[in-house]
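K.L.:
Residues in the sequence shown are numbered consecutively from 5, following my numbering. We treat Cβ as the ideally placed atom computed from N, Cα and C, and that holds for glycine. Here the structure is a predicted model, which is why all the values come from computation and not from measurement. Could you have a look at this structure, given as structure tokens, before my questions?
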Amino acid sequence: MLAQDNLYSQLVAWMKIILPLTALGILSTLFLFSQNVDPTKSIPIAEIDLEQRAQDQGATNATFAGVTNDGDEVVINAAVAKPSASDPKMVNAQEVTGQLRLESGGVVDVVSDTADVDQKEMTVSLKGNVNFVTTTGYNLRTELLNTRIDELYAESPGQVEGEGPPGELVAGRMILTHNEQTDMANLLFTDGVKLIYEPQVAEENSN
């Protein structure tokens with residue numbers, strides 16, 4: 005009986021030595037066959053085009069506003085406005101709506117597809133399907149309208165066409181400025197004006 009107890013005790017003692025060594029051998033084998041890791045290498049990350057990200061920066065529902073020396077209020081709203089990639093002082097705007105509230109009480113509403121806003125020069129160039137509507141009865145269309153934020157100024161260097169109190173008209177150029185003599189807004193059409201006169205007063209009298 006004593007011999008069996010000694011054999012059991014020796015077996016337990018050997019197992020305490022053999023089992024840990026076996027475990028170490030298995031772990032060593034795992035490390036030998038595992039992929040080597042270089043700690044000097046950076047963690048893989050998604051490649052990001054920082055320049056493209058910078059160009060994509062912008063704002064939604066942006067507003068540019070100013071007041072002229074004569075007290076006229078100029079407000080330009082854009083659905084999307086982004087800094088220009090070629091000129092940091094320029095802002096490219098899309099889906100543009102603008103309003104000019106004259107000190108004299110009149111209002112001019114403008115809509116265009118896009119606009120280039122020069123924040124340094126305080127100018128706005130409205131481009132594409134420009135619609136120019138005044139409370140005095142003019143509803144005009146053009147492809148380019150250059151305006152300012154700091155003074156009463158709007159000019160269409162190309163053809164403008166539409167309707168006004170005199171009738172249907174087409175002109176090679178239109179300019180809206182402040183008349184110093186009358187202290188009122190002055191809308192002028194030049195460069196080959198074609199007007200189809202509609203005698204509204206005469207028609208009303210005949211009725």
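1. Are three or more beta carbon pairs between the stretch 78 to 88 and the stretch 158 to 169 nearer than 8 angstroms?
2. Among residues of its own chain, excluding the 5 on either side of Q39, which ones have a beta-carbon nearer than 7 angstroms to its beta-carbon?
3. Can you list, in chain order, the residues of its chain with a C-beta nearer than 6 angstroms to that of G102? Leave out the 5 residues immediately preceding and following it.
4. Taking only runs that begin and end inside the stretch 116 to 161, name each unbroken alpha helix (DSSP H) of 4 or more residues, in chain order.
5. Taking DSSP as the reference, what is the three-state secondary structure of N190?
6. Determine, using beta carbons only, whether F68 and I153 come nearer to each other than 8 angstroms.
7. Ignore the nearest five residues each way along the sequence and tell me which others in N195's own chain have a CB closer than 6 angstroms to its CB.
8. When you compare the CB positions of T138 and G110, do they come within less than 8 angstroms of one another, or not?
9. Taking Cβ to Cβ, would you say G75 is nearer than 8 angstroms to E107?
10. Ignore the nearest five residues each way along the sequence and tell me which others in E99's own chain have a CB closer than 6 angstroms to its CB.
11. To the nearest angstrom, report how far apart N150 and F136 are at their CA atoms.
12. Look at the alpha carbon of G162 and the alpha carbon of K131, and state the distance between them as a whole number of angstroms.
13. Can you tell me the Cα-Cα spacing of K198 and A158, whole angstroms?
14. Have a look at R145, N183, A63, E77 and flag the residue whose alpha-carbon is nearest the alpha-carbon of V1.
P.N.:
This is what the structure gives:
1. no
2. The predicted position of Q39 is uncertain, since its pLDDT is 49 and thus under 50; a value taken from the coordinates is nonetheless stated next. None.
3. I80, V114
4. none
5. strand
6. yes
7. Note on identity: in this sequence residue 195 is Asp, with Asn being the wrong assignment. The residues are G176, R177.
8. yes
9. yes
10. A83
11. 12 angstroms
12. 11 angstroms
13. 20 angstroms
14. As displayed, the chain neither begins before 5 nor continues past 211, which places residue 1 out of reach and without an answer.
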